[in-house]
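The structure appears below as structure tokens.
Number of protein chains: 2
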Amino acid sequence: MIREITAQELDTERFIDEQVKEIDGAVGDGTAINALSGGVDSSTVTMLGHRALGKRLKTVFIENGLMREGESEQVAGLFGELGVMVEVVDAREEFFAALKGITDPEEKREAITQTFYRDVFGRLVKESGAKHLLQGTILTDVDETVAGIKRQHNVFEQIGIDPEDAFGYHIIEPLIQLRKDGVRKIGQALGLPAEVFERIPFPGPALSARVIGEATPKRIETVRKATVVVERLLKGTGAFQYMAILHEDRVTGLRDGKRDFGQQIELRCWDSVDARTATPTRLPFEILEQAAREIILEVPGIVSVTYNIASKPPSTLEAV
Amino acid sequence: MIREITAQELDTERFIDEQVKEIDGAVGDGTAINALSGGVDSSTVTMLGHRALGKRLKTVFIENGLMREGESEQVAGLFGELGVMVEVVDAREEFFAALKGITDPEEKREAITQTFYRDVFGRLVKESGAKHLLQGTILTDVDETVAGIKRQHNVFEQIGIDPEDAFGYHIIEPLIQLRKDGVRKIGQALGLPAEVFERIPFPGPALSARVIGEATPKRIETVRKATVVVERLLKGTGAFQYMAILHEDRVTGLRDGKRDFGQQIELRCWDSVDARTATPTRLPFEILEQAAREIILEVPGIVSVTYNIASKPPSTLEAV
Chain L
1 MIREITAQEL DTERFIDEQV KEIDGAVGDG TAINALSGGV DSSTVTMLGH RALGKRLKTV
61 FIENGLMREG ESEQVAGLFG ELGVMVEVVD AREEFFAALK GITDPEEKRE AITQTFYRDV
121 FGRLVKESGA KHLLQGTILT DVDETVAGIK RQHNVFEQIG IDPEDAFGYH IIEPLIQLRK
181 DGVRKIGQAL GLPAEVFERI PFPGPALSAR VIGEATPKRI ETVRKATVVV ERLLKGTGAF
241 QYMAILHEDR VTGLRDGKRD FGQQIELRCW DSVDARTATP TRLPFEILEQ AAREIILEVP
301 GIVSVTYNIA SKPPSTLEAV
Chain E
1 MIREITAQEL DTERFIDEQV KEIDGAVGDG TAINALSGGV DSSTVTMLGH RALGKRLKTV
61 FIENGLMREG ESEQVAGLFG ELGVMVEVVD AREEFFAALK GITDPEEKRE AITQTFYRDV
121 FGRLVKESGA KHLLQGTILT DVDETVAGIK RQHNVFEQIG IDPEDAFGYH IIEPLIQLRK
181 DGVRKIGQAL GLPAEVFERI PFPGPALSAR VIGEATPKRI ETVRKATVVV ERLLKGTGAF
241 QYMAILHEDR VTGLRDGKRD FGQQIELRCW DSVDARTATP TRLPFEILEQ AAREIILEVP
301 GIVSVTYNIA SKPPSTLEAV
């Protein structure tokens, strides 16, 4: 049973001091490695690990080809400014090879998880010689695993290290007693800038969760371009989350006066407190029509744009 | 060269008298047949033919299985009240057999046209013994055929009557000098009720044009149910056209708290003067959300509803 530390009772300076000492003590003369995604949890654990270990921590950012426009440069740049060296590992080919031919959402998710842990991160861990893995697990992840919402992950198994051989490997999870709001407080105290906390929720499988059907490099590039437009136009709305989704269905459009079958982008913008229930944001039609115009103009192949008008439940925030 | 009669110069009583005499003279002791769809043109030609020929005209309504809820009963009932006997021919199985496995929009259209003319109407013509076909062709149809927008139809060829054997068959097209507005005047003068003229535009391939992908009986039934909701809720908007479209893509929904892949309905509602350009109607979100709620509640398998926000061009009014 893990003892929860609520955001209210959390003494940030004391928590940081304790965790820094603990990480430092655990790693000792060795080295540690962690994977940074740019999200709040992994960003906070990176800062904590950096404070504890300095150069003894190797932080990698795995570029899987499914990120938003300029995301890896942004994350690496931001941590560079904070004095943390992030190694960007280009694994795009491996991810797209793993996704090839897969259309089922669950299988896509599984292919990405497997490629991330077993293939890419597993290799990086072994090559690095580090025996300590720093992970941004929070208490909510544990709860959800217990409840069966998330699958139980044995990280060693996931990264392809036999439990027998795993002797000597350690996982360090300094945020495991906290919830999201506690993590935010720690991250802020460690000097993370507001932009890390203001990121709208983004799914683990990244843009592959934003294409219905196969996630090819071309289709990911299409939804990436649409995402740029949507995030630019909806940033100021204060909505809980907003996204562009590339459909697989073909619809009729007109190009140079002739019928032409093109693709459709679906826009979703959600009002929600905790993601458990959500309603479509009542955006002004001026913004909706502008988004449609710009997406059709700027994204090759798109002839039609729709806006989600169903609530969660029975809809879900993400389409796949 | 056909001489146009504009709606302005049209003397309805004189036009009707002349056409009635002409039809009567052409058919003489013989019999005529026509296919009624319930649209303005075929409804008007039915009234004109009935006035000229009485029982010498056989009017058929071909139930292709792709009509809206209660449409054949409505049309037959309406003409029954006007004293015109309409024979409803159940050809659903033939149409669905022809549509089986076809997903390409143009091929669907072609399958419906072929089944209608060559198979069903062709057989009805031959069985009836009628040598005269009454058709609601208007001047705009002729223009569009010349311009290559519609395909040139040789009706005899279409209904499978060899041009050699076609000797003795006649086509009568009493509305060929008129445009839509002229036809409306004639229809009104012949006693057609307002509901015939107030019908929103509905495509030839009917509900098969409202499903992306294969038009199976089940998928047509799904979009038919959604169409009932959309037409009920949007009737009062004064919009040019509105429709429900069933997508083929699967999206995630929640059923009894569990993830479930369901289907999506896209709503379109157009502001337009002449269908050449159109913009999405700026419907109040209350109506959009109500439509989404009712569709999800009343239509099995639907977990998500979107609203079109792209204009024509580059979109088109219909999706396929």
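First to last, the sequence lines map onto chains L and E.
Heads up: the first sequence at position 224 corresponds to 224 in our numbering, and the numbers run straight through without jumps.
Heads up: the second sequence at position 124 corresponds to 124 in our numbering, and the numbers run straight through without jumps.
By construction, the Cβ of each residue, glycine as well, lies at the ideal position given by its N, Cα and C atoms.
The Cβ atoms of ILE186 of chain L and PHE15 of chain L lie closer than 8 angstroms to each other. For VAL196 of chain L, the CB contacts under 7 angstroms within the same chain, skipping 5 residues up- and downstream, are VAL40, SER43, GLY187 in chain order. By the rule that beta-carbons nearer than 8 angstroms mark a contact, HIS247 of chain L touches chain E. As DSSP reads the structure, ASP260 of chain L sits in a beta bridge with L:GLY253. Rounded to the nearest whole angstrom, the CA to CA distance from VAL183 of chain E to VAL45 of chain E is 9 angstroms.
Among the CB atoms of chain E, none fall inside 8 angstroms of the CB of THR59 of chain L. DSSP, reduced to helix, strand and coil, places LEU124 of chain L within a helical segment of the structure shown. Under the 8 angstroms criterion on CB atoms, GLU221 of chain L is classed as non-interfacial with respect to chain E. Within the region 286 to 297 of chain E, those residues whose Cβ lies closer than 8 angstroms to any Cβ of chain L are, in chain order, LEU288, GLU289, ALA291, ALA292, ARG293, ILE296. Only ILE296, VAL303, SER304, VAL305, THR306, TYR307, ASN308, ILE309, ALA310, SER311 from the region 296 to 311 of chain E bring a Cβ to less than 8 angstroms from some Cβ of chain L. By the Cβ-count criterion, GLN8 of chain L is exposed, with fewer than 16 other Cβ atoms from all chains shown falling within 10 Å of its own Cβ. In the three-state reduction of the DSSP assignment, ILE245 of chain L falls in the strand class, which pools E and B.
When the alpha-carbon of PRO217 of chain L is set against those of L:ALA111, L:GLU73, L:MET85, L:LEU99, the nearest one is in L:LEU99. When DSSP assignments are scanned along the region 62 to 101 of chain E, the uninterrupted stretches of alpha helix (DSSP H) that are 4 or more residues long and fall wholly within it turn out to be 71 to 81, 92 to 99.
Chain L has a Cβ within less than 8 angstroms of the Cβ of GLU318 of chain E.
In the DSSP assignment, SER304 of chain E forms a beta bridge with E:GLN264. Selection L:ILE220, L:LEU192, L:TYR307, L:LYS180 evaluated against ASP274 of chain L yields L:LYS180 as nearest (Cα-Cα). For the set L:GLU71, L:ILE33, L:PHE95, the Cα lying nearest the Cα of LYS126 of chain L is the one of L:ILE33. If you draw a 10 Å sphere on the C-beta of LEU139 of chain E, you find 16 or more other C-beta atoms in it, and that means buried. Counting along the chain, the unbroken alpha helix (DSSP H) around ILE296 of chain E starts and ends at 285 to 298.
With contacts defined as CB atoms closer than 8 angstroms, ALA291 of chain L and VAL229 of chain L qualify as a contacting pair. Here SER42 of chain L is not bridged, per DSSP, to any residue.
Rounded to the nearest whole angstrom, the C-alpha separation of LEU57 of chain E and ASP271 of chain E is 39 angstroms. A Cβ-Cβ separation of about 7 angstroms places VAL75 of chain E in contact with LEU36 of chain E under the 8 angstroms criterion. In terms of CA proximity to GLN263 of chain E, L:ALA310 leads the group L:LEU254, L:GLY136, L:GLY101, L:ALA310. If you draw a straight line from the Cα of LEU78 of chain E to the Cα of GLU71 of chain E, it comes to about 10 angstroms. In this chain, ILE16 of chain L is not harboured by any beta strand (DSSP E); it is covered by the alpha helix (DSSP H) spanning 12 to 27. Around GLY253 of chain E, the beta-carbon contacts reaching into chain L at under 7 angstroms are PRO314, SER315, THR316. Under the Cβ criterion of 8 angstroms, ARG282 of chain E is counted among the residues facing chain L. Straight-line measurement puts the Cα of HIS132 of chain L at about 13 angstroms from the Cα of ALA52 of chain L.
Taking 8 angstroms as the cut-off, the Cβ atoms of ILE245 of chain E and ILE212 of chain E count as close. Note on GLU13 of chain E: under 16 other CB atoms within 10 angstroms of its CB, so exposed under the neighbour-count rule. Contact between GLU248 of chain E and ASN308 of chain E does not hold, since the beta-carbon distance rounds to 17 angstroms and is not under 8 angstroms. The beta strand (DSSP E) runs lying completely inside the region 151 to 237 of chain L and spanning 3 residues or more are 170 to 172, given in chain order.
The beta carbon of PRO105 of chain E sits closer than 8 angstroms to some beta carbon of chain L.
Proximity to THR145 of chain E across E:ASP119, E:GLY129, E:ILE176 peaks at E:ILE176, based on C-alpha coordinates.
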